[in-house]
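Below is one structure, written out as structure tokens; the observations come after it.
2 protein chains.
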Amino acid sequence: MTTTGAETPRSPANASIEDVARRAGVSSGTVSRALRGLPNVSETTRARVIAAATELNYTVSPSASSLASGRMSTIGVITPFVSRWFFAQAINGVEEVLHEANFDLVLYIDEDGKTFQSLPMRRKVDGVLLLTLPSDSPDVSGVRNLGVPVGSLHVDIEGFSSVLIDDVGGSSMATDHLLALGHRRIAMVTLDQHPSVPFRTGQDRSEGYLRSLKAAGIEVDPLLIVNGESTVEGGMRAGSELLSRAPRPTAIFVQSDEMAMGVLYIIRRAGLHCPEDISVVGFDDHELSNVFDLTTVAQPARAQGALLAHHVLDQVRLGSAPQTTTLKTHLVIRGTTAPPPSGI
Amino acid sequence: MTTTGAETPRSPANASIEDVARRAGVSSGTVSRALRGLPNVSETTRARVIAAATELNYTVSPSASSLASGRMSTIGVITPFVSRWFFAQAINGVEEVLHEANFDLVLYIDEDGKTFQSLPMRRKVDGVLLLTLPSDSPDVSGVRNLGVPVGSLHVDIEGFSSVLIDDVGGSSMATDHLLALGHRRIAMVTLDQHPSVPFRTGQDRSEGYLRSLKAAGIEVDPLLIVNGESTVEGGMRAGSELLSRAPRPTAIFVQSDEMAMGVLYIIRRAGLHCPEDISVVGFDDHELSNVFDLTTVAQPARAQGALLAHHVLDQVRLGSAPQTTTLKTHLVIRGTTAPPPSGI
DNA sequence: CTGAAAGCGCTTACAG
DNA sequence: CTGAAAGCGCTTACAG
């Protein structure tokens, strides 16, 4: 097989740093420094090296580079789902930041915490981003012993970077909005609660609701609080249950938009109208929320992922300390909330 | 810092293969063979090595292993979105298979085909899975020149493995269903068409519709075919347009469930009822389709990802030839389709 | 500013 | 069945 020139090398068995060094008339050490933009390389030499590298279509061998330097340029991301709105958005934010920083994203989808035992990312990542925690036991010691910076979303763990949102405040806003419209009989559909896990999301959102009711002098009716299991289907079940209460609630605060979609479905299916007969507020600002015309508490999921990635990247590259940031939420008022039916 | 025994090594600066060899009283070459389950190692030696490795909590250094062997145990996945149903499901399928095979999944989210130019996965993956193609020009030569097996979803490219579905047949089924219910004035909302790209999805789904109408002896009305831009919002726009036609169509075949959700929203918002006034069929069987009670053509997105991963893994590990598989679709009849209003 | 050389931690023919 | 040794392709003190 003859080649007609170096112009279009048909996968010419990847040039090595030695090839580049030879072509540029320098040592491989100099090539390494020049290509990585290190100081102490004359500009003329650097230019020559870059030219040679370009001509040879050279790319550094990641494994050789990692082996020699100990840097992997890779961040492991552990997520329970890739298909749910919040996680998908967070991953988008993470990916954008890592990509920009020339880090690779190794994805581990882990619903039940197996990854925390087998640690498949061991020795191949410079850092780990936890979009979730092991569900049974909050044992993150394996990840901690990896010896690399770790960041966690929505959970504040000693020694880890984290990004949180004000779940209490957000839920309180949602509840206050319903109160301001004149509602008194306000139900709540909760996320799954994890008693043994430091995920405070569900508890915090409940707390905001309780706090607002209390501030308004309204007694809490435990029959108006139902678990929606974090899913659309669970929201449907919870919605059915709440519609059967007598007297029926005039408004429902739902701790996630996906569950709220289930609730809305049930309301419509029961022949009721939202918001004329009953108001609904969600939490998330899911991308379909506007399609459902759903009033909701918006949280910046993508920004949370991006920020978490930045925190961990700072630790990896600058050796800085773990950082914790709490992001704001805000109420998005759409068409599923209105004053209660006048008959009540 | 003193250690109180080898039981709970607090990140003991990662044992190397030499440490294991010393402890087991063999050479590092034997350790390598024993741990990888290669033949030509006596079972007693293997047991000794495994014991030593366990005691030292040894894990092979991926970069050293890759450098020496040339194998990366990593597959690159390029996807335009992680948040859309089809891609999220496909990624789930891919991840499961790769995880099972002990391969890492490096994720590249790439909406506009940049990845095909910069090739960030160069020299670090054993194979590439394309859940998308560069949108401007169908130039996959960069990926091809990577010199590793490539698989593509929904596009059949020479030299690549691929997984396809019968889009023509599926759309034809959907249209036939509407015809069987008695509809004659059947509109269609199309996916974005990519004239220069070998993505046949949109064209094929249109073809199935046209074929069924033709077989039924119905003349195609170009005013009843509108582009929905592949999004919920696009579906809303397309829906509005179609509702303004006179006479109004009695049914709409929508080429994706997400667009169909937009169409359903518009129908409801126009004060019309589905399916009493107008029927709608989607395509996908999106996870929210049952919430919308949407009749649709189901395609196994997760299985497609899994199968594509298998195909490429076969090429990587067995050196087998690229494989192409076409998967079936089936009609899921729910509540958005019914006979046309009797007045018509 | 640059080079020579050690070293990163494995895998893999090659002998035996 | 096992060992000695070369080699994978870089990075990084260390000299100069």
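Going down the list, the protein sequences come from chains A and B. Each residue of the first sequence is one higher than the one before, counting from 0 in numbering that gives the first Met the number 0. Each residue of the second sequence is one higher than the one before, counting from 0 in numbering that gives the first Met the number 0. Glycine included, C-beta positions come from ideal geometry on N, C-alpha and C.
Counting along the chain, where does the beta strand (DSSP E) carrying B/Asn-226 start and finish?
Walking along the second sequence from the start, residue 226 of chain B turns up at place 227. Boundaries of the beta strand (DSSP E) around B/Asn-226: 224-226.
Neighbour flag for A/Met-71 against chain B, beta carbons, 9 Å
As a working note, residue 71 of chain A is residue 72 in the first sequence. It does: the Cβ of A/Met-71 has a partner Cβ on chain B nearer than 9 Å.
Test item: CB-CB of B/Ile-90 and A/Leu-293 under 9 Å:
Locating residue 90 of chain B in the second sequence gives position 91, counting from the first residue. Locating residue 293 of chain A in the first sequence gives position 294, counting from the first residue. In this structure, A/Leu-293 does not lie closer than 9 Å to B/Ile-90 by Cβ.
Within its chain, find whatever has a CB closer than 7 Å to the CB of A/Val-25; leave out the 5 residues flanking it on each side and keep chain order.
Numbered from 1 along the first sequence, position 26 holds the residue referred to as residue 25 of chain A. Closer than 7 Å at the Cβ level, and outside the excluded window around A/Val-25, lie Thr-44, Val-48.
Using a 10 Å radius around the Cβ and a threshold of 16 neighbouring Cβ atoms, would you call A/Gly-281 buried or exposed?
What you label residue 281 of chain A is simply residue 282 of the first sequence in a count that begins at 1. Its Cβ being crowded by 16 or more others within 10 Å, A/Gly-281 is buried.
Three-state secondary structure (DSSP) of A/Leu-104
Stepping through the first sequence from its first residue, residue 104 of chain A is reached at position 105. Three-state result, A/Leu-104: strand.
C-beta contact flag for B/Thr-325 and B/Met-172 at 9 Å:
Counting from 1 along the second sequence, the entry for residue 325 of chain B is found at position 326. Counting from 1 along the second sequence, the entry for residue 172 of chain B is found at position 173. No; because the gap between Cβ atoms is not below 9 Å, this pair is not in contact.
Going along the chain, which residues of its own chain have a beta-carbon closer than 6 Å to the beta-carbon of B/Asn-39, five neighbours each way excluded?
As a position in the second sequence, residue 39 of chain B is number 40, starting the count at 1. Cβ within range, chain order: n/a, list empty.
Do you know whose CA, among B/Arg-210, B/Gly-150, B/Val-167, lies nearest B/Gly-352's CA?
Nothing about residue 352 of chain B can be reported from this structure: the residues present for chain B run from 0 to 343 only.
Kindly say whether A/Ala-259, judged by its beta-carbon, lies nearer than 9 Å to any beta-carbon of chain B.
Indexing the first sequence from 1 puts residue 259 of chain A at position 260. Chain B contact via Cβ: absent.
Chain A contacts made by the stretch 115-145 of chain B, where a contact means CB separation under 7 Å:
Listed in chain order, the positions of the stretch 115-145 of chain B with a beta carbon within less than 7 Å of a beta carbon of chain A are Arg-121, Arg-122, Lys-123, Asn-144.
Supposed contact pair A/Arg-268 and B/Asn-13 - C-beta distance, whole angstroms, cut 8 Å:
Here residue 13 of chain B is taken as the residue at index 14 of the second sequence, counted from 1. Here residue 268 of chain A is taken as the residue at index 269 of the first sequence, counted from 1. Cβ-Cβ separation between B/Asn-13 and A/Arg-268: approximately 58 Å, too far for a contact (criterion under 8 Å).
B/Gln-116: buried (16+ other C-beta within 10 angstroms of its C-beta) or exposed?
For the purposes of this step, residue 116 of chain B is taken as residue 117 along the second sequence, with counting starting at 1. B/Gln-116 should be labelled exposed.
Which of the three DSSP states is assigned to A/Ser-239 in this structure?
Your numbering for residue 239 of chain A matches position 240 in the first sequence. Judged by DSSP in its simplified three-state form, A/Ser-239 adopts helix.
Got a sec? Which residues, its chain only, sit under 8 Å from A/Ser-319 by beta carbon, not counting five neighbours each side?
The count along the first sequence starts at 1 and reaches residue 319 of chain A at position 320. Asp-313.
Beta-carbon contacts of A/Arg-244 that lie in its chain and below 7 Å, excluding the five residues immediately before and after:
Taking the first sequence and counting its residues from 1, the one referred to as residue 244 of chain A is at position 245. Excluding residues within five positions, the ones whose Cβ falls inside 7 Å are Leu-222, Leu-223.
To the nearest whole angstrom, what separates the beta carbons of B/Ala-337 and B/Ile-251, a pair I think is in contact under 8 Å?
Looking up residue 337 of chain B in the second sequence gives position 338. Looking up residue 251 of chain B in the second sequence gives position 252. Their Cβ separation, rounded to whole angstroms, is 13 Å, which puts B/Ala-337 and B/Ile-251 out of contact at 8 Å.
Helix or strand or just coil, what does DSSP make of B/Tyr-271?
As a first step, residue 271 of chain B is located in the second sequence; it is residue number 272 there, counting from the start. Reading the sequence as shown, one finds Leu at residue 271 of chain B and not Tyr. DSSP places B/Leu-271 in coil when its eight states are reduced to three.
Taking any Cβ of chain A, which residues in the stretch 35-64 of chain B have a Cβ under 7 Å from it, in chain order?
Of all residues in the stretch 35-64 of chain B, those with a C-beta nearer than 7 Å to a C-beta of chain A are Thr-58, Ser-60, Pro-61, Ser-62, Ala-63, reading in chain order.
For A/Pro-339, count neighbouring Cβ atoms within 10 angstroms of its own Cβ and tell me buried if that reaches 16, exposed if not.
Within the first sequence, residue 339 of chain A is the residue found at index 340, counting from 1. Under this definition A/Pro-339 is a buried residue.
Of all the residues that make up the stretch 240-265 of chain B, which are near chain A by a beta-carbon distance shorter than 9 Å?
So the close ones are Glu-257, Met-260, Gly-261, Leu-263, Tyr-264.
State buried or exposed for A/Glu-257, treating a residue as buried only when at least 16 other CB atoms are found within 10 Å of its CB.
As a position in the first sequence, residue 257 of chain A is number 258, starting the count at 1. By the neighbour-count criterion, in which 16 or more other beta carbons inside 10 Å mark a residue as buried, A/Glu-257 falls on the buried side.
Going along chain A, which residues have a C-beta under 7 Å from B/Ala-87?
As a working mapping, residue 87 of chain B is identified with position 88 in the second sequence. Residues of chain A passing the Cβ test: Val-81, Ser-82, Ala-87.
Below 8 Å on C-beta distance, what does A/Leu-66 contact in chain B?
Translated into positions along the first sequence, residue 66 of chain A becomes position 67. The contacting residues are Ser-60, Ser-62, Ala-63, Leu-66.
Mind checking which residues open and close the beta strand (DSSP E) that includes A/Met-187?
By one-based count along the first sequence, residue 187 of chain A stands at place 188. Segment 185-189, the beta strand (DSSP E) holding A/Met-187.
Validate contact between the stretch 297-304 of chain A and the stretch 78-94 of chain A using beta carbons, cut 8 Å, 3 pairs
Contact between the stretch 297-304 of chain A and the stretch 78-94 of chain A is present, because at least three Cβ pairs lie under 8 Å.
When the Cα of A/Gly-233 is compared with those of A/Met-260, A/Glu-218, A/Leu-118, which residue comes out closest?
The sequence position of residue 233 of chain A within the first sequence is 234, counting from 1. Out of A/Met-260, A/Glu-218, A/Leu-118, A/Met-260 has the C-alpha closest to the C-alpha of A/Gly-233.
Roughly how many angstroms separate the alpha carbons of B/Glu-6 and B/Leu-55, rounded to a whole number?
The count along the second sequence starts at 1 and reaches residue 6 of chain B at position 7. The count along the second sequence starts at 1 and reaches residue 55 of chain B at position 56. Only weak support exists for where B/Glu-6 lies, its pLDDT of 36 falling under 50; the value from the coordinates is given anyway. Their Cα atoms are separated by approximately 9 Å.
Kindly list the residues whose CB is nearer than 6 Å to the CB of A/Thr-53, restricted to its own chain and excluding five residues on each side of it in sequence; keep chain order.
For this step, residue 53 of chain A is matched to residue 54 along the first sequence. Scanning its chain for C-beta atoms nearer than 6 Å, with the 5 sequence neighbours on each side dropped, one finds no residue around A/Thr-53.
Where does A/Val-279 fall in DSSP's three states?
Within the first sequence, the letter at position 280 stands for residue 279 of chain A. If DSSP states are grouped into helix, strand and coil, A/Val-279 belongs with the strands.
Hey, is A/Ile-90's beta-carbon within less than 9 Å of any beta-carbon in chain B?
Walking along the first sequence from the start, residue 90 of chain A turns up at place 91. The beta carbon of A/Ile-90 sits closer than 9 Å to some beta carbon of chain B.
Is there contact between the stretch 63-79 of chain B and the stretch 98-112 of chain B, where contact requires at least three CB pairs shorter than 8 Å?
Verdict: yes, contact present.
Can you confirm whether B/Ser-99, when its beta carbon is compared against all beta carbons of chain A, has any partner nearer than 9 Å?
Along the second sequence, read from residue 1 onward, the residue named residue 99 of chain B stands at position 100. It is worth fixing the name first, because residue 99 of chain B is Glu in this sequence and not Ser. Output row for B/Glu-99: interface = no.
For the beta strand (DSSP E) containing B/Val-162, list its first residue and its last residue.
Here residue 162 of chain B refers to the residue found at position 163 of the second sequence. Per DSSP, the continuous beta strand (DSSP E) segment holding B/Val-162 begins and ends at 160-164.
Test: B/Asn-13 CB closer than 9 Å to a CB of chain A:
Position 14 of the second sequence, counting from 1, holds the residue named residue 13 of chain B. Judged by the 9 Å Cβ criterion, B/Asn-13 is in contact with chain A.
According to the neighbour-count rule (16 or more other Cβ atoms, all chains shown, within 10 Å of its Cβ), is A/Val-219 buried or exposed?
Within the first sequence, residue 219 of chain A is the residue found at index 220, counting from 1. Flag for A/Val-219 reads exposed.
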